[in-house]
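Numbering-wise, this note's numbering comes out as the position in the sequence shown, counting from 1, plus 30. Just so it is clear, CB atoms sit at the ideal spot from N, CA and C, and this is done for glycine as well. Quantities reported herein were computed from a predicted structural model and do not represent experimental measurements. Reviewing the structure listed below.
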Amino acid sequence: MSSVTIRSVRAISIGQGAFVALRKKCKGEVHSLFERTFNILIDGNLVGIARSDISMSPVDVVTDIPPHVSMQTLGIERGMEIFINDDRLRVGDVLEISLSDAKLWRPPTFVERPLPREAILKNLERAKRIAVKKSDWRGLGQLLAHIRKISGGGLPMVRGLNEVAAVALPHIVSLLQAAKSGDDNGISTAAKKLIGLGPGLTPSADDMLMGFISALWWASRSTGENIDCTDRIIRAITSHAGATSLLSQQLLRHASRGEVNEHLHELLRSLLSEADPDIDLLVARLIRIGETSGIDMTLGLLLGLDLAFKNQSRK
Numbered sequence: 031m032s033s034v035t036i037r038s039v040r041a042i043s044i045g046q047g048a049f050v051a052l053r054k055k056c057k058g059e060v061h062s063l064f065e066r067t068f069n070i071l072i073d074g075n076l077v078g079i080a081r082s083d084i085s086m087s088p089v090d091v092v093t094d095i096p097p098h099v100s101m102q103t104l105g106i107e108r109g110m111e112i113f114i115n116d117d118r119l120r121v122g123d124v125l126e127i128s129l130s131d132a133k134l135w136r137p138p139t140f141v142e143r144p145l146p147r148e149a150i151l152k153n154l155e156r157a158k159r160i161a162v163k164k165s166d167w168r169g170l171g172q173l174l175a176h177i178r179k180i181s182g183g184g185l186p187m188v189r190g191l192n193e194v195a196a197v198a199l200p201h202i203v204s205l206l207q208a209a210k211s212g213d214d215n216g217i218s219t220a221a222k223k224l225i226g227l228g229p230g231l232t233p234s235a236d237d238m239l240m241g242f243i244s245a246l247w248w249a250s251r252s253t254g255e256n257i258d259c260t261d262r263i264i265r266a267i268t269s270h271a272g273a274t275s276l277l278s279q280q281l282l283r284h285a286s287r288g289e290v291n292e293h294l295h296e297l298l299r300s301l302l303s304e305a306d307p308d309i310d311l312l313v314a315r316l317i318r319i320g321e322t323s324g325i326d327m328t329l330g331l332l333l334g335l336d337l338a339f340k341n342q343s344r345k
């Protein structure tokens, strides 16, 4: 008679959203499985379980599973039942995760001492140049080369865009034009066209919008300026979140409060508060997230900060 050995691992860090979802005794199931992560569905919320080499996010649990271990090799399968009880998360009969020593990851969503506007704009221009150099054709990456015209509300004539970028471009421009003029209906209309655009659990346009609204949040809360205007823009965008994937809905909700992936968080913090940040390293880390998520979030972040610090007419 053979017996199954359950592998035991420890959770190292847990995001705020994941903490809320996992804090009570409940059951769930494995929703999706990848090489470095798997997602579990609990009471209508997705929680990511990640290897030790994955950056933190509000909805993730990072474990001590080593970088060389593929999640597929652990015997995890889609639909496998999840049990949570007494600070332990059990995945079928193959994996048990101790949550008792996990550190809650809930960093600040603003900087207390922002740089002067001129210094922030200097950092922003450096970030744009570096992002253009490091971008590629995936997702919305092709648009980074035209970010200055897009930021100004202009529609660049670009040949050879991939399908997602070609569809997204005019709606991104419309979004920025509406945001600059305080047209809430225009913002809502553009956001409705963008939400859910692109393949995957977090479509490209959703990732761009996460970067965009989180940048607006950070700018307004760090400077104390344009808070009401920022909140109107964010509400107009996130009012359509129900049209996209469950994971994107959750991440957009967190981004609307400035809660974002660790690498996006670090770039925002550095651009707003450090006189000479290592922008090259910070942008490179962000761009490497996922297949296209990092590239798309980078575009949104740059557009959001540009709107916040260059468009002084917002009220």
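Proximity below 9 Å, CB of residue i to CB of residue j
| i | j | result |
| --- | --- | --- |
| arginine 53 | isoleucine 127 | no |
| leucine 185 | leucine 173 | no |
| serine 181 | threonine 328 | no |
| alanine 235 | glycine 226 | yes |
| arginine 108 | isoleucine 84 | no |
| alanine 245 | alanine 161 | no |
| valine 92 | leucine 119 | no |
| glutamate 59 | isoleucine 95 | no |
| isoleucine 202 | leucine 129 | no |
| alanine 149 | alanine 305 | yes |
| glutamate 292 | threonine 139 | no |
Sheet register partners of residue i (DSSP bridge)
| i | result |
| --- | --- |
| threonine 67 | Ala80 |
| phenylalanine 113 | Lys57 and Arg120 |
| aspartate 90 | Gly78 |
| arginine 37 | Leu125 |
| glycine 45 | Trp135 |
| isoleucine 72 | Asn75 |
Residue i classed as buried or exposed, judged by whether at least 16 other C-beta atoms fall within 10 angstroms
| i | result |
| --- | --- |
| methionine 14 | One cannot answer for residue 14 here, as it falls past the ends of the chain, which runs 31 to 345. |
| arginine 81 | buried |
| arginine 189 | exposed |
| glycine 272 | exposed |
| asparagine 115 | exposed |
| leucine 134 | exposed |
For residue i, the nearest candidate out of the options (CA to CA)
| i | options | result |
| --- | --- | --- |
| arginine 159 | His176, Ala132, Arg168 and Leu145 | His176 |
| glycine 105 | Leu281, Ser38, Gly45 and Asp237 | Ser38 |
| proline 307 | Asn153, Val60, Leu333 and Arg143 | Asn153 |
| leucine 277 | Gly78, His270 and Val60 | Gly78 |
| arginine 287 | Pro137, Ile150, Ser204 and Arg168 | Pro137 |
| arginine 283 | Thr268, Glu296, His295 and His293 | Thr268 |
| glutamine 46 | Ser252, Ala305, Gln280 and Asp336 | Gln280 |
| glycine 183 | Ser204, Lys163 and Gly171 | Ser204 |
| leucine 239 | Ile263, Ser130, His98 and Gly320 | Ile263 |
CB contact check: residue i to chain C, cutoff 9 Å
| i | result |
| --- | --- |
| serine 181 | No chain C is part of this structure, which consists of one protein chain only. |
Checklist entry - Hey, which unbroken runs of the alpha helix (DSSP H) at 4 residues or more fall wholly within the segment 317-345? => result Runs found: 323-340.
Item to check | Segments assigned alpha helix (DSSP H), at least 4 residues, entirely inside the segment 175-202 | outcome: Counting only runs that start and end inside the segment 175-202, the alpha helix (DSSP H) elements of at least 4 residues fall at 177-181.
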